[in-house]
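Each residue of the sequence shown is one higher than the one before, counting from 96 in this note's numbering. Note that beta-carbon positions come from the ideal geometry of N, C-alpha and C, so glycine has one too.
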Amino acid sequence: TGEEVPLIVVQQLGDFPGVPPRMMGRICQAVRKLEQPAFEVCFDAVGSLPGQGRYPFALQCGAGADLLVDLQNEVLRCMQPVLGRVARGPVPHITLLQDTRQLPLQPVQPLRWLVREVVLLRQYLGQDREELEGIWSLG
């Protein structure tokens with residue numbers, strides 16, 4: 096649509112030096128099997144997540160966190176036949192920046208919106224670029 100919307104990181108699938116097109120097709124087919132309704136979330140805290148040398152400074156959520164974790168579990172369930180066992184990622188969050196400092200979790204003015212799509216992005220290792228692989232509606 097051209098509008099900017101926040102990207103909530105729900106799950107990372109791992110570091111792969113090159114995903115063959117056939118494998119990406121199977122991943123996209125797996126994501127299509129998601130059975131999750133649209134839902135509202137509220138991000139009401141900000142702080143650092145675990146990292147190695149660089150720490151994601153991220154919005155984190157209180158109300159609706161269980162629904163994001165449900166979505167994370169559903170993504171993992173759908174991916175298991177394609178990728179095998181995938182380690183659970185960090186708590187669902189919105190990364191604002193990366194920093195060498197770790198900052199404690201602090202409350203912020205609540206931000207609410209409706210989660211209505213799942214987006215699959217390919218991020219290139221060591222590069223600051225992404226490629227859209229697919230968008231699927233929830234609900």
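For residue 126 against residue 229, the beta-carbon gap comes to about 7 angstroms, under 8 angstroms, which counts as contact.
In terms of CA proximity to residue 183, 171 leads the group 121, 214, 171. By the criterion of a C-beta distance shorter than 6 angstroms, residue 234 is surrounded in its chain by 132, 133, once the five residues flanking it on both sides are discounted. Taken through DSSP and simplified to helix, strand or coil, residue 206 comes out as strand. For a cut-off of 8 angstroms, the C-beta gap from residue 144 to residue 191 is around 11 angstroms, too long to register as a contact. One thing to note: residue 206 has its Cβ within 9 angstroms of the Cβ of residue 139.
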